[in-house]
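Protein chains in written order, with the working numbering: chain A, 58 to 165; chain B, -18 to 95.
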Amino acid sequence: GQSLEQPSEVTAVEGAIVQINCTYQTSGFYGLSWYQQHDGGAPTFLSYNALDGLEETGRFSSFLSRSDSYGYLLLQELQMKDSASYFCAHTGRRALTFGSGTRLQVQP
Amino acid sequence: DAGVIQSPRHEVTEMGQEVTLRCKPISGHDYLFWYRQTMMRGLELLIYFNNNVPIDDSGMPEDRFSAKMPNASFSTLKIQPSEPRDSAVYFCASSWDYQTGELFFGEGSRLTVL
């Protein structure tokens, strides 16, 4: 089967760093993606890791360890506008399968 | 580019009625996906197409649901008859190659079945 696990909620303060973890189980795996979704909005793509290691895009970084079936999204210099839900998704035989999402609350 | 366009944005209907949701993917994208989002079940893949051909429809809940893609620029998701448990936000997404991990989502169609 296919499944992804991530924490349901994370709270952090403005300017801080937060890490959202994701573990997955799948019988076929190409890579791990991260998406952001604001309330009432559509999921938007943030990053993709096909290989082990860290990918950096501005304030956001994403990490993958294929041997550990684990990845994380790192958000630095948090801003209020980063308050949203964050989804990991693995790419495999059933296209993209999404985790249940982590709701990030950024407090002043 | 205008992005993925979905209609209607909101639909309220009564149980038993037919519902048709529409999607125009981004031009040049070979893959089109229909997802459903609810609080209980999260984002679920219903079906996806490659070059207008359905590839995986194993996520379609039951025979009441059907999806078509008559050409590269249009797809429909139909529910007949609708039931209250179908209430959800239905997202259409497109991609030139989903193995890049990047899908482009439309704004969604929020369906409420009374």
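For every residue, glycine included, the Cβ atom is placed at its ideal position computed from N, Cα and C. Keep in mind it's a predicted model, so treat the numbers as computed, not measured.
Contact with chain A by residue i, beta-carbon distance below 9 Å
{"i": "D44 (chain B)", "result": "no"}
{"i": "Y71 (chain B)", "result": "no"}
{"i": "F14 (chain B)", "result": "yes"}
{"i": "S39 (chain B)", "result": "yes"}
Within 9 Å, strictly: CB atoms of residue i and residue j
{"i": "L26 (chain B)", "j": "R151 (chain A)", "result": "yes"}
{"i": "E66 (chain A)", "j": "Y81 (chain A)", "result": "no"}
{"i": "N106 (chain A)", "j": "G88 (chain A)", "result": "yes"}
{"i": "S56 (chain B)", "j": "D11 (chain B)", "result": "no"}
{"i": "W15 (chain B)", "j": "Y71 (chain B)", "result": "yes"}
Outcome for residue i when other beta-carbon atoms lying within 10 angstroms are tallied against a minimum of 16
{"i": "V94 (chain B)", "result": "buried"}
{"i": "P100 (chain A)", "result": "buried"}
{"i": "L108 (chain A)", "result": "exposed"}
{"i": "A48 (chain B)", "result": "buried"}
{"i": "M20 (chain B)", "result": "exposed"}
Residue-level contact to chain B via CB, residue i, 9 Å cutoff
{"i": "S126 (chain A)", "result": "no"}
{"i": "F117 (chain A)", "result": "no"}
{"i": "P64 (chain A)", "result": "no"}
{"i": "G85 (chain A)", "result": "no"}
{"i": "L132 (chain A)", "result": "no"}
{"i": "A141 (chain A)", "result": "no"}
{"i": "L89 (chain A)", "result": "yes"}
Among the options, the one whose alpha carbon lies nearest that of residue i
{"i": "Q133 (chain A)", "options": "A:S126, A:E113 and A:H147", "result": "A:E113"}
{"i": "L92 (chain B)", "options": "B:I(-14), B:V(-7), B:V(-15) and B:A(-17)", "result": "B:V(-7)"}
In the stretch 113 to 150 of chain A, which residue ranges form an unbroken alpha helix (DSSP H) of at least 4 residues, counting only runs that do not cross its ends? If we require 4 residues or more, the stretch 113 to 150 of chain A turns out to have no alpha helix (DSSP H) run fully inside it.
Ordered list of beta strand (DSSP E) runs contained in the stretch 23 to 57 of chain B, each at least 3 residues: Runs found: 23 to 31, 34 to 37 and 46 to 52.
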